[in-house]
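Below is one structure, written out as C-alpha cells; comments come after it.
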Amino acid sequence: MEAVAGIGCGSASASAAWRIGTGRSRAVGGAGGRGRVRVRVRAAGSSGSDVVEFEQVQGEKVRWAGDDPLAKFVSGLIAIKPLFSLLQTGAKNVMEMVEEMQASDVYAELKTLENPALVYPDYYIQPFHGYNTGNLSWEAAFDCEPATRALWKRTFPALDSWKEAGELSRGNWADAIDSHHASFSGGLPVGDVVDLGCSTANSSRFLADRFPTAQVTGLDLSPYFLAVAQRQEKDAMRKKPIRFVHANAECTGLPSKSFDVVSIAYVLHECPQSASRKILREAHRLLKPMGTLAITDQSPKSKAIQKLHPALWILMKSTEPWLDEFYRLDLEAELQECGFTNYRSALTNPRHFTATATAAM
C-alpha cells in the first residue's frame, strides 16, 4: 500500500493555511517492514524547515483490537454490565453539551423526512455512543454537533477553537477529494455528490461549500439526525440546498451511476464488516464511471491512536461495539474487490485518514 504524504501545516497561528502539500512519506526504523511512517506536514508558503509530522505505525494493528490477550481482556471488562454502564455514563458526560437545536420547530422536520417503511439492520439498533437506542433518539441527535466540535478540538489541541480545528481537518479531507478527482476523473465535473451516513450533515455542509454548483444529497439511517440536519440547512439559505434522504447506505434506492463523488465520513467504524462491504459495493453502484469515492475515518495506523492509554481504549470500545472489526478491515483490498482503482490513503489529521479511489469504467 502506498503511503501518501503532505498535509500542509506549520504553527497554530498559521493553521488556516494547512493543506495537503507535496511532501513525501518516509519509513523509519523497524525490522522486517515494521516501523513508522512520518506524514510530512507543512504550512503553505513555509520553508522546508517548518515541518511537523503526523506519524503512522506501519505493519502494526491497534493493540486492543483482535484476539490477543490484551484485546480479550479489554473486551471482557466492557462485557461486565456494571462496568459497561459506568463507562457509558463517563462517555456521555464528555458529550453532554447540548445546544440551541432543542428549538421546537426541529421536531416538525422529522415527519417530512422519516420513511416509516424502512427496516433497521440489527447492528444499528444496538446501544452505542453511550445511548441505549444508538442513533435513534433526539438526545443522540442533539449531542452530535457538540460531540463533533469536541472531537476536532481534541484532534488539534494547540488551536484556539474547535471551528479552526474543524476547518483544518475538513479542509485537508476536501483537498484530498479535489486532488484525487482532478487526477483520475478524466475531467468529469462535480455536479452530484452523495454523503452516505451523513449524520447531522457536518460533512455534507462542507461538501456543499467546497462544490457550490453541485447538488449534494445527505443520506442517513437516523431520521432524528436528518431532522437536525434539515433544520440547520434551512438556516444556511444556500442557493442549492442539501437534499436529505432517510435510507440505509447498504441499499440506498438511489439511481445507479448518478453521482460524481460519493463520501463516507466516519461511518465504517460504526459498522460490522459485513455491512461495510455492502456500503462499499453500493458506493460503486452509485458512482458514474471515473467518479471518486472518499472515505474518512479513524486510522488504526495513527501514532496518536496507537499510544492511547488503556483506560481510553476501554472507554472507546464501551461505546463503539464494531471497532475491532473496523480495525481489521483491509480497506484497499475490499475496494479492489468492488471494482475501484487508483487507491490513495493519507492522514488528514493526526488521528484520521482519508482514502480515495476511482470507480472503474
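Using this note's numbering, the first residue of the sequence shown is number 45, and each one after it goes up by one.
Using N, Cα and C, we set each Cβ at its ideal position, and we do this for glycine too.
These figures come from a predicted structure and were not determined experimentally.
query: Does the Cβ of residue 229 have 16 or more other Cβ atoms within 10 Å, making it buried, or fewer, making it exposed?
result: buried
- request: Kindly indicate if chain B contains any beta-carbon less than 9 Å away from that of residue 323.
  value: Absent here is chain B; the protein component of the structure consists of one chain.
query: Is the segment 191-198 touching the segment 250-268 in the sense that three or more CB pairs, one from each, lie closer than 8 Å?
result: no
field: According to DSSP, residues forming a beta bridge with residue 262
entry: 239 and 288
message: Suppose you measure from the CA of residue 315 to the CA of residue 170; what does that come to, to the nearest Å?
response: 11 Å
task: Kindly list the residues whose CB is nearer than 6 Å to the CB of residue 245, restricted to its own chain and excluding five residues on each side of it in sequence; keep chain order.
output: 262 and 273
- prompt: Per DSSP, residue 384 is paired with what?
  reply: 403
message: For the alpha helix (DSSP H) containing residue 215, name the first residue and the last one.
response: 206-228
query: Does the Cβ-Cβ distance between residue 399 and residue 373 come in under 9 Å?
result: no
message: As an exercise, report each continuous beta strand (DSSP E) stretch of at least 3 residues that is fully enclosed by the segment 297-355, in chain order.
response: 303-309 and 331-342
message: Quick check on residue 277: buried or exposed, where buried means 16 or more other Cβ atoms within 10 Å of its Cβ?
response: buried
query: Between the segment 382-398 and the segment 202-220, are three or more C-beta pairs nearer than 8 Å?
result: yes
query: Considering residue 279, what are the terminal residues of the alpha helix (DSSP H) in which it resides?
result: 267-280
One or two residues paired with residue 396 in a DSSP bridge: 342
query: When DSSP labels each residue in this structure, what does residue 186 get in the three-state scheme?
result: helix
query: Does the segment 158-174 come close enough to the segment 239-254 that 3 or more CB-CB pairs lie under 8 Å?
result: no
- prompt: Helix, strand or coil: which one does DSSP assign to residue 255?
  reply: coil
task: Please state whether DSSP places residue 245 in a helix, a strand or coil.
output: coil
- prompt: Whole-angstrom Cβ separation of residue 250 and residue 220, contact assumed at under 8 Å?
  reply: Going by Cβ atoms, the distance from residue 250 to residue 220 rounds to 12 Å, so no, they are not a contact pair.
query: Do residue 336 and residue 305 have their C-beta atoms closer together than 9 Å?
result: yes
message: Could you tell me the alpha carbon to alpha carbon distance between residue 324 and residue 302, rounded to whole angstroms?
response: 16 Å
query: Using the beta-carbon count (16 or more within 10 Å), is residue 81 buried or exposed?
result: Residue placement at residue 81 is poorly supported in this model, since its pLDDT is 46, which falls under 50; the coordinates still yield a value, given next. Under this definition residue 81 is a buried residue.
- prompt: Whose C-beta lies closer than 7 Å to the C-beta of residue 236 among residues of the same chain, with five residues either side of it excluded?
  reply: 258, 259, 302, 303 and 304
- prompt: Where residue 46 and residue 348 are concerned, what is the direct C-alpha to C-alpha distance, given to the nearest angstrom?
  reply: Its pLDDT being 31, under 50, residue 46 is placed unreliably by the model, and the measurement read from it follows with that caveat. Roughly 20 Å separates the two Cα atoms.
- prompt: From residue 317 to residue 311, what does the alpha carbon distance come to, in whole angstroms?
  reply: 12 Å
- prompt: Assuming residue 402 and residue 385 make a contact with CB atoms under 8 Å, what is their CB distance in whole Å?
  reply: 5 Å
message: Rounded to the nearest angstrom, what separates residue 289 and residue 157 at their Cα positions?
response: 7 Å
task: Look at residue 193 and residue 206 and say whether their C-beta atoms are less than 9 Å apart.
output: yes
query: Does DSSP put residue 172 in a helix, in a strand, or in coil?
result: strand
- request: Have a look at the DSSP bridge pairing and note the partners of residue 391.
  value: 397
message: Measuring only the C-alpha atoms, how far is residue 78 from residue 371?
response: With a pLDDT of 40 at residue 78, under the threshold of 50, the modelled position of this residue cannot be trusted, and the question is left open.
- prompt: Can you tell which of 280, 405, 287 and 377 has the C-alpha that lies nearest to the C-alpha of residue 332?
  reply: 405
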